[in-house]
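Heads up, the thing below is written out as structure tokens.
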Amino acid sequence: MRAEELKGHLDAVLLATLEGGPRHGYAVIESLRQSTGGRLDLPTGTIYPALRRLEQAGLITGSWSVVGGRRRREYRLTAAGTRALTGKRADWLDFSATVSAALEGRPCPSPV
Amino acid sequence: MSEPRLISSYLAVLAADLPASIVEELADGLAETHRSYLRQGLAPDLAAESAVAEFGEPQAIVAEFARVNPSRRAARRLLGIGPVVGACWAVALITDRAGAWPVPLAARILVGVALITIIALLAAAALTTRYRLAARTGIAGCIGIATLDAVLITGVTLSSAPMTWVMAGAMTASTARIAFAARSLVPALAR
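Have a look at this one:
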């Protein structure tokens, strides 16, 4: 799956990787890779600006630590981020159910 | 273990246009990616090549960071509200027949040149894919527009022209823009 296909959903995917607890950039990428079985083909370097954007939006918060003599920035979900993730997840489930129904020619399930 | 030259060069390209804190974060991620390839059994040089390839073109990373630069976002918003504030002033100055005010021609030209320069700075910040240029022009544009608004408000306040509702509206719009520009400067200067 290419990066363009993920546009519009990247924020939700990144927020979901932080749902289990704080992670640094590389751990976010590894988590994405594992959860998608390596099917997301994203240039790793573009994940970091996306994390900064989410931080500016107040959905995640970043803090520095020192690991092995190297400074590392770790991100965690804020309360607003948790709410946003819940909303985005519900929107996606509704959207995917609607499109699936249309593609498969069956009635669309009622929204929850 | 010393950093492979390819990774050092890659980080140097990023450091030329990104703040140190961002480069530090990217360096940590790149080092982890490199280590991951080493663990998979790749030779150090090949691991470095793979890590750099996985990260993507440095120019693309810089452009992505430029897009999320607070100065750039502030510049875009200021360009968006600019016509509204400008229209308020246009209506006020026309209604109050400001053309007849005793303002020296040099001062009028100076305000016009300043306005064009500020718009150019904000446009550069809003459109560039270079991080530092976005930051510098955005900050300069914010300071410039706030200063110009302050000059206009002060000039009208000190003048003997009667205060009308439309002029008060234009001054309120400018005051709101000064507050917005000042608030935008805090995250922009923090970088």
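The listed protein sequences correspond, in order, to chains H and G. So that you can map any letter, position 24 of the first sequence is 24 in my numbering, and since no number is skipped, the others follow by simple counting. So that you can map any letter, position 40 of the second sequence is 40 in my numbering, and since no number is skipped, the others follow by simple counting. C-beta: ideal position from N, C-alpha, C; glycine also. Treat the numbers as computed from the prediction; the structure is a model and nothing was measured.
Does residue 77 (chain H) come out as helix, strand or coil in the three-state DSSP assignment? Strand, per DSSP.
Quick one: is residue 17 (chain G) near chain H, going by C-beta distance under 9 angstroms? No, no contact with chain H.
Give, in chain order, every residue of the segment 38 to 52 of chain H whose Cβ lies closer than 9 angstroms to some Cβ of chain G. Residues of the segment 38 to 52 of chain H with a Cβ closer than 9 angstroms to any Cβ of chain G, in chain order: 42, 43, 44, 45, 46, 47, 48, 49, 50, 51 and 52.
Under 9 angstroms between beta-carbons, which chain G residues line up against residue 24 (chain H)? List them in chain order, please. 25, 28, 29 and 32, listed in chain order.
Flag residue 70 (chain G) as yes if its beta-carbon sits less than 9 angstroms from any beta-carbon of chain H, otherwise no. At least one chain H Cβ lies under 9 angstroms of residue 70 (chain G).
So, is the C-beta of residue 144 (chain H) closer than 9 angstroms to a C-beta in chain G? No information on residue 144 (chain H) is available, as it lies outside the stretch 1 to 112 that chain H covers here.
Cβ of residue 22 (chain G) less than 9 angstroms from any chain H Cβ? Chain H, which has a Cβ nearer than 9 angstroms to the Cβ of residue 22 (chain G), makes this yes.
Going by DSSP, which residues form a beta bridge with residue 61 (chain H)? Bridge partners of residue 61 (chain H): H:76.
Is there a Cβ from chain H that is less than 9 angstroms from the Cβ of residue 64 (chain G)? It does; some Cβ of chain H falls within 9 angstroms.
So residue 34 (chain H) contacts chain G; which residues on that side make the cut at Cβ distance below 8 angstroms? The contacting residues do not exist; residue 34 (chain H) stays about 12 angstroms from chain G at best.
Buried or exposed for residue 4 (chain G), going by 16 or more other Cβ atoms inside 10 Å? Result: buried.
Which residues in the same chain as residue 140 (chain G) place their Cβ atom closer than 7 angstroms to its Cβ, once the five residues preceding and following it in sequence are excluded? The beta carbon of residue 140 (chain G) lies closer than 7 angstroms to those of 121 in the same chain, with the five residues before and after it left out.
Once the 5 residues before and after residue 83 (chain G) are set aside, which same chain residues still bring their CB inside 6 angstroms of it? Within its own chain, no residue has a Cβ closer than 6 angstroms to the Cβ of residue 83 (chain G) once the five positions on either side in sequence are excluded.
With 16 as the cutoff for other CB atoms within 10 Å, does residue 109 (chain H) come out buried or exposed? That one is exposed.
Just curious, the alpha helix (DSSP H) that residue 44 (chain H) is in, first and last residue? In the DSSP assignment, residue 44 (chain H) falls outside any alpha helix (DSSP H), carrying neither H nor E.
Beta-carbon contacts of residue 98 (chain H) that lie in its chain and below 6 angstroms, excluding the five residues immediately before and after: If the five residues before and after residue 98 (chain H) are omitted, its C-beta is found closer than 6 angstroms to the C-beta atoms of 108, all from its own chain and listed in chain order.
Following a CB-centred definition, is residue 75 (chain H) positioned closer than 8 angstroms to any heavy atom of the ligand ZN? With respect to the ligand ZN, the structure shown offers nothing to examine, as it has no ligands at all.
Let me know the alpha helix (DSSP H) ranges lying completely inside the segment 46 to 86 of chain G, each 4 residues or longer, listed in chain order. 58 to 67, all fully within the segment 46 to 86 of chain G.
Where the segment 34 to 61 of chain G meets chain H: residues whose CB sits under 7 angstroms from a CB there: Under the 7 angstroms Cβ criterion, the segment 34 to 61 of chain G contributes 54, 55, 56, 60 and 61.
Does the beta carbon of residue 187 (chain G) sit closer than 9 angstroms to a beta carbon anywhere in chain H? Interface flag for residue 187 (chain G) against chain H is set, since a Cβ pair is found closer than 9 angstroms.
For residue 67 (chain G), which residues in chain H fall below 9 angstroms Cβ to Cβ? Residues of chain H passing the Cβ test: 49 and 53.
Can you tell which of H:89, H:16, H:101 and H:105 has the C-alpha that lies nearest to the C-alpha of residue 51 (chain H)? Nearest C-alpha to residue 51 (chain H): H:16.
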